């Protein structure tokens, strides 16, 4: 369901950038193009992730709503948040 697919996609796309930076610096040196590319990649990541969030929000209609199968409750299917807080 959408409730699981959208967050899983964003998390999967953003993993291991820190490891990539460290690996590039260790393997190619601090002054290499590979190290520069991995640092710039992280700076580009935030706007790209924000665009992906917008895409996920606009394509939510394509995923069937199945609140009983979602790992987190869909706030649109709840009448009150009180039972989540207590």
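In our numbering, the protein residues as written are -5 to 80.
Yeah, the Cβ is synthetic: ideal placement off N, Cα and C, and Gly gets one too.
Predicted, not measured: the structure shown is a model, and the values here were computed from it.
{"Item": "Unbroken alpha helix (DSSP H) run spanning residue 22, endpoints", "Value": "11 to 22"}
{"Item": "Segment limits, alpha helix (DSSP H) that includes residue 31", "Value": "27 to 52"}
{"Item": "Three-state secondary structure assigned by DSSP to residue 57", "Value": "coil"}
{"Item": "Rounded C-alpha distance that separates residue 14 from residue 46", "Value": "21 Å"}
{"Item": "Short Cβ contact (7 Å threshold) for residue 32 with residue 18", "Value": "yes"}
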